[in-house]
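K.L.:
Let me begin by handing over the structure; questions about it come next.
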Amino acid sequence: MSLPLLWQEPLPVFPAPDLVALWRRCPGSPAAPVLLHLGPRTLNLVWGAALEEGLALPLGYAELASLFPHRPPRPEEWEAAIMAVEDQLAPARPRVPSAGRLWCADPLITALTALVAGDAAPALAREALEQCFQRLCQARPGGSAGLPEGPEFAALVLVLRELLHHYGYAGVELVEGDGGAEA
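Note that this note's numbering has the sequence shown beginning at 10, numbered continuously upward.
As structure tokens, then:
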């Protein structure tokens, strides 16, 4: 199976979404949504009835890719990366509401959802992401079971997995975005 060009590393960089416009596109405009943007350098969460609260952590997929020097990553690399992500997520946890699901318009997360849950999937469930993570952890050199083998992809999956797990989200709801990669 051939993977889309999107997954060739380095992964493309997409502009951060207009969060107010994203909030307006959320079906039913939840009263207090938690919006997610995962970029190459930071993980951003924004929430509140007027999107007045937020958090930016240095957990971008490109930032964490250096923790995965081997393809596929070795078990000790996964452990070190998990600890690095948890060290950033844990102190911020009390500030962030648990709303069941996150809302996101990121093209990479939309593409990840299509890869692991099917093209028509409206959301990335925590269980589907966990299965993807387990497949990555069990991958052997030259045999990634149809998943991208690059370190940025591994970091993207890891950050999302840890965020959903430690913050108690059931998944990521996809909201139609504006798209377009930055140069």
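Where is the CB? At the ideal position from N, CA and C, for every residue including glycine.
Remember, predicted model here, so these are calculated numbers, not experimental data.
If you measure between the beta carbons of LEU98 and LEU172, is that distance less than 8 angstroms?
P.N.:
On the sequence shown, position 89 is the one that residue 98 refers to. On the sequence shown, position 163 is the one that residue 172 refers to. Yes; because the gap between Cβ atoms is below 8 angstroms, this pair is in contact.
K.L.:
How big is the Cα-Cα spacing for LEU45 and ALA71?
P.N.:
Numbered from 1 along the sequence shown, position 36 holds the residue referred to as residue 45. Numbered from 1 along the sequence shown, position 62 holds the residue referred to as residue 71. For LEU45 and ALA71, the distance between alpha carbons rounds to 17 angstroms.
K.L.:
Under DSSP, the alpha helix (DSSP H) around ARG158 begins and ends at which residues?
P.N.:
Within the sequence shown, numbered from 1, the residue matching residue 158 stands at position 149. Before going further, note that residue 158 is Glu rather than Arg in the sequence given. Note, GLU158: premise wrong, no alpha helix (DSSP H); not H, not E.
K.L.:
For CYS113, list the residues DSSP reports as bridge partners.
P.N.:
Position 104 of the sequence shown holds residue 113. According to DSSP, which records beta bridges pairwise, CYS113 is partnered with LEU45 and LEU183.
K.L.:
Considering only C-alpha positions, which residue in the set HIS175, ALA120, CYS141 and HIS174 is nearest to GLN17?
P.N.:
Position 8 of the sequence shown, counted from the first residue, corresponds to residue 17. Nearest C-alpha to GLN17: ALA120.
K.L.:
Can you give me the C-alpha to C-alpha distance between GLY180 and VAL168, rounded to a whole angstrom?
P.N.:
As a first step, residue 180 must be located in the sequence shown, where it is residue number 171. As a first step, residue 168 must be located in the sequence shown, where it is residue number 159. Rounded to whole angstroms, GLY180 to VAL168 spans 13 angstroms at the Cα level.
K.L.:
With distance defined between alpha-carbon atoms, name the residue in HIS175, LEU28 and LEU14 nearest to PRO103.
P.N.:
What you label residue 103 is simply residue 94 of the sequence shown in a count that begins at 1. Checked all of HIS175, LEU28 and LEU14; the closest Cα to PRO103 is HIS175.
K.L.:
Go to LEU28, then tell me how far its alpha helix (DSSP H) extends in each direction, as first and last residue.
P.N.:
Reading the sequence shown from its first residue, position 19 is the one you call residue 28. Its alpha helix (DSSP H) spans residues 28–34.
K.L.:
Who are the Cβ neighbours of GLU158 in its own chain at under 8 angstroms, not counting the five residues just before and after it?
P.N.:
Within the sequence shown, residue 158 is the residue found at index 149, counting from 1. The residues are ARG80, PRO81 and ALA148.
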